[in-house]
Structures are given as C-alpha cells and as structure tokens.
Amino acid sequence: MFNYSNLKICVVGSGAVGSVVAARLSNIVNNLNLLSRGANLKKISQSGIRLTTHSDVLKSKNLVLHENFNSMGEQDLIILAVKANQISSLIPQINLAIGNKTTIITMQNGIPFWYFEGLKDKKSLNYLNSVDPDGLAMSNFDSNKIIGSVVYMAAELTSPGEVFLIEDKKLPFGEIKGAVKTKRLELICNIFVDAGFRSPMLKNIRNDIWIKLWGNCTFNPISALTHSTLEEICESQDTKNLIFNMMKEVKLVGEYFGAKFGISEISRIQGAKSVGNHKTSMLQDVENGKEFELDALLGSVIELAASARISVPHLTSVYSCCQLLNRTLLKKNSFLKIS
561 MFNYSNLKIC VVGSGAVGSV VAARLSNIVN NLNLLSRGAN LKKISQSGIR LTTHSDVLKS
621 KNLVLHENFN SMGEQDLIIL AVKANQISSL IPQINLAIGN KTTIITMQNG IPFWYFEGLK
681 DKKSLNYLNS VDPDGLAMSN FDSNKIIGSV VYMAAELTSP GEVFLIEDKK LPFGEIKGAV
741 KTKRLELICN IFVDAGFRSP MLKNIRNDIW IKLWGNCTFN PISALTHSTL EEICESQDTK
801 NLIFNMMKEV KLVGEYFGAK FGISEISRIQ GAKSVGNHKT SMLQDVENGK EFELDALLGS
861 VIELAASARI SVPHLTSVYS CCQLLNRTLL KKNSFLKIS
C-alpha cells in the first residue's frame, strides 16, 4: 500500500456519497478533512461516521471536521461530493484551499460542469446553464486540475453520520481531456482502491457519464413523483414503459454529442431492478421535505436536446411535473419556517 500520510485530502459534503468516501479514506490517511454543516456536522463531530454494508460495519478514523475552508490550508486533493447546484456557492471557499499542486475530483450525478472542456466536438457549447449558470464554475476552476469520476453506488443516509451502502459497484476515474493514463490518475485510483473501492481508470469518461445519467435522469424523477423504489418502478408495466421511452430520448441526445452507450435500454432497466428496493437520492430528498436535484440530472439533457433540436416530449413532461413538486416542497418549507 502506498504511504498516504503526507497527503492533504478534503472531502466536501457529508451526504450519502461524501460520507461513504470520507469513512473509507479516513481509514488510510492520517488526517482527512471533511467539510460538513448542520446536523451532520454536529453528529459526526460527536461520534464520527458509521458506514454499514450488507457484510460489515466501518467506522471513520482520523477525521478533522470543518464548517468552512478558512483554516484548512492548501489541499492535495479536494473531493467535491456535493450536488451540482451547490458548487457555485462554494467556489470562493474552495479557492482558499487550491494551490499549485491541487487536484479537484468531481463526484456529481448528471452532466458535470466541465463536460465540454477538451471535448472534440462540443457543438459550439461551452457550458450548460442548467448545470453551471453563466459558466461560473468553469471560469473559476482551472480545468487542468480536474479529474472526473462516475459514482456507481447506491447509498442512503439513514441519519446524520449514519450511511447504509446498498450497492457498491465501482467508482472509476478519468482525465477530462482524453488522456488515458497519467501519474496523478494512477495515484488517485490507487488511493481509492486501497480505501476499499473498485476504481479503474476510464479511457473515455463521458461514455460512462451517459450510462450513469441514463438511469439517473429517468428513474430518479419517476421515483420522486411516485414515491417508489427502483424495483417497484420496474415491476409496474406503466412506469417501466415510461422509463423505456425516456431512455430512448436520452440516448438520441447522448449519441448526438458523441456518446456510445454499449448496452440496451432493457439491459439498463434490468440493472436498476437488480438493485432492489432502493430509494433514489431524489426520493430521499422528497421524503425529507427537501428540494431535490433536478437540473443537473434532467434539465441538462433537455437543454442539450434543445441545442440539438431533438424532440424529448417524455423527458419534458416529467421535468415539468418535477418542477412543480420542487416548488411545492419549497413552499412547504417556507411555511414551516415562518410558523
């Protein structure tokens, strides 16, 4: 195992994904910085993170909790494990921890803010407003510092500091400008492998992004609207048909922008069903009364479709329903705060 004792690593976010990453990395480094807030910060500062899988329980070690970057200093690795719509507000803070040798790892679902950087045929696009309004993240981060990832895991934050890892397929990484293998990419993959992840190096990370997004932008919104798990959605012929039609539209958009899917819609649906009674992140947010991540997952595909002049009626209809649901949740939260 490589000696990671001198590496300064910060995980930004203590949701389900951030907690899994922080718990595992904290067991192989001397001091892992974790940026957290609210109830998660309070609970983790008291008793750390408890990661439960089907086979064992892992407790975090060597965690250093932070509410901001003010006293953290420059980091070697900054792992962005927050939702895409939270990145813009964190940019001034994140910049405090970026030095000459810093690498930023993105762990967002959906189309990442850096997607068009280094893309051979970007179709005259530089950023998506649905993901990165006015290109704020792309203009503030040095793209040469960014490594992308595709998070193939199903995890639920059962309570602050408590996370259940339902499915742990892999967490691959890739250079965003097309390099197949670099020393820093190899180092990052080795770190995560030693921490307990399956982390191969991707030759073309954008293909994997679309395969993952294929499920996220279809199953997630349907689960939020119906309050159903992945297995329940797949067992209903009506929702299964809707997912299939949505996937056909997503595939048209992805292929227009050069993506190769490699599997069929039916195979992707079967893969989701095999996860079982998992509640998607959107459904978890709805059940907790929180605004859920919609634009990075579904709005981004619709924005790309509009640019390509591809009709996506199923995606658009579901997106409209989810927008209304999000507004309803926001109104409910505002009322509760006032009362």
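According to the numbering used here, the sequence shown is numbered sequentially starting from 561.
Note that CB positions come from ideal geometry on N, CA and C, so glycine has one too.
Local Cβ density within 10 Å of P873, reported as buried at 16 or more and exposed below that: exposed
Which parts of the region 771-837 are runs of the alpha helix (DSSP H), unbroken and 4 residues or longer, counting only runs that do not cross its ends? Segments of the alpha helix (DSSP H) lying fully in the region 771-837: 790-795, 797-816, 825-835.
Three-state secondary structure assigned by DSSP to D702: Three-state result, D702: coil.
Specify the secondary structure class of F676 as computed by DSSP and reduced to three states. coil
Which same chain residues end up closer than 8 angstroms to S783 when comparing Cβ atoms and leaving out the 5 residues on each side of it in sequence? T789, L790, I793, K839, T840, M842, L843
Taking C-alpha atoms, which residue in E809, E727, A583, D754 lies nearest to W774? E809
Measure the Cβ-Cβ separation of F701 and A657 and say whether it is below 8 angstroms. no
Inter-residue CB distance, M806 and V878 (contact presumed, cutoff 8 angstroms): 7 angstroms
If distances are taken between C-alpha atoms only, which option among L601, A599, D616, S620 comes closest to I609? S620
Could you check whether C570 and I638 sit closer than 8 angstroms to each other, using their CB atoms as the reference points? yes
Give the secondary structure of Q668 by DSSP, where H, G and I count as helix, E and B as strand, and everything else as coil. coil
Do I765 and G814 have their C-beta atoms closer together than 8 angstroms? no
Which runs of the alpha helix (DSSP H) at least 4 residues long sit entirely within the region 589-641? Give them in chain order. 598-607
Rounding to the nearest angstrom, what Cα-Cα distance links T742 and I748 in this structure? The alpha-carbon atoms of T742 and I748 are separated by roughly 10 angstroms.
For A715, count neighbouring Cβ atoms within 10 angstroms of its own Cβ and tell me buried if that reaches 16, exposed if not. buried
What residues in its chain sit with their C-beta under 6 angstroms from that of G836, if we drop five residues either side in the sequence? For G836, same chain residues with a beta-carbon under 6 angstroms away, outside a window of 5 residues either side, are E791 in chain order.
Might you give, ordered along the chain, the residues of its own chain that have their beta carbon closer than 7 angstroms to the beta carbon of F852, omitting 5 neighbours on each side? A784, M842, D845, V846, N886, listed in sequence order.
Which of the three DSSP states is assigned to A576 in this structure? helix
Using CA atoms only, rank isn't needed, just tell me which of V723, S827, A644 is closest to K603. Ranked by Cα distance from K603, the first of V723, S827, A644 is V723.
Do G678 and K729 have their CB atoms nearer than 8 angstroms? no
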